[in-house]
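J.:
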Amino acid sequence: METLARIRTFLQGFRWQGVELMPYKEEGVAPFKAISRQVLFADPSLGCELRYFEMAAGGYSTLERHEHVHAVMIFRGRGHCLLGHEVRAVAERDLVTVPALTWHQFRATRGEPFGFLCMVNALRDKPMLPSASELEELRRNPAVSRFLDGKPAD
Ligand code: MN
C-alpha cells in the first residue's frame with residue numbers, strides 16, 4: 015500500500031486532526047485506569063506504529079512485559095515510570111527505551127495529565143501480566159511497592 019502525503023494539525027486537548035480518540039485497551043483484559051490511545055501513524059510499509067497515550071491525573075497504563083520493545087517519549091506533563099525494577103520520575107521530552115521482557119508501567123502521579131508517544135512494531139506479541147509471585151517479587155523493592163500503590167517517593 016502506498017504511503018499518502020498528509021499533515022494532521024495538532025489540536026487543543028492533545029488531539030490531532032482526523033485521529034480517533036480510542037480506549038486504551040479492551041475493557042477487562044488487563045488492569046489500567048483513565049488512559050486513552052490515539053494511533054498517529056500505522057503504515058504497513060513502515061512496519062511500526064506510533065501511538066499517543068494519555069492518562070488523566072491518577073491514571074496508569076498496564077503493568078506488563080513482552081518480547082517486543084517500545085521507544086517512548088514523554089510528550090505531556092510529568093509522571094513516573096517503572097522500568098524493570100527501577101522507578102523513575104519522568105517529564106516532557108525524556109526518552110524511555112523498554113527492552114524485551116522488561117516490566118513497565120506509566121503513572122500520572124503529579125495531579126496532572128501525563129502523556130507519551132510510543133513507537134512499537136506493527137506485528138507484536140501479546141503483553142504478559144505479572145503472576146501473583148512475580149508481583150510479590152517486584153514489591154520486595156520498597157520503591158516499586160510505593161509506585162504500584164500510586165505513591166512514589168519523589
Ligand atoms: Mn507495553
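The opening position of the sequence shown corresponds to residue 15 in the numbering used here, with each subsequent residue numbered one higher.
Here a beta-carbon is modelled for each residue, glycine too, at the ideal position from N, C-alpha and C.
Predicted model only: the values in this text are computed from it and were never measured.
Would you say glutamate 78 touches ligand 2, meaning its beta carbon is less than 6 Å from a heavy atom?
T.: Ligands present in the displayed structure are limited to ligand 1, and ligand 2 is not among them.
J.: Could you please give me the residues that DSSP links to tyrosine 74 through a beta bridge?
T.: Lys47 and Arg121
J.: Should the region 102 to 112 be called in touch with the region 43 to 63, which here means at least 3 C-beta pairs below 8 Å?
T.: The region 102 to 112, when compared against the region 43 to 63, does not touch it at the 8 Å Cβ threshold.
J.: Contact check, aspartate 139 vs histidine 80 under 8 Å by CB: the rounded distance?
T.: 5 Å
J.: What would DSSP say about leucine 152, mapped onto helix, strand or coil?
T.: helix
J.: Given phenylalanine 46, which residues of its chain have a CB within under 7 Å of its CB, disregarding the five upstream and five downstream residues?
T.: So the qualifying residues of the chain are Tyr38, Lys39, Tyr74, Ser75 and Thr76.
J.: Please go through the same chain and pick out, in chain order, the residues whose beta-carbon is closer than 7 Å to the beta-carbon of valine 112, but skip the five residues on each side of it.
T.: Val83, His84, Val86, Leu97 and His118
J.: List the endpoints of the continuous beta strand (DSSP E) containing glycine 11.
T.: This structure does not reach residue 11, given that the chain is present from 15 up to 168, and the question cannot be answered.
J.: So, with DSSP's three-state summary, where would you put valine 86?
T.: DSSP places valine 86 in strand when its eight states are reduced to three.
J.: Roughly how far, in whole angstroms, is the beta-carbon of proline 144 from the beta-carbon of alanine 71, given that I think they are within contact range, below 8 Å?
T.: Not quite, the Cβ-Cβ distance comes to about 25 Å (not below 8 Å), so this is no contact.
J.: Do you know how far the Cα of arginine 160 is from the Cα of glycine 129?
T.: 21 Å
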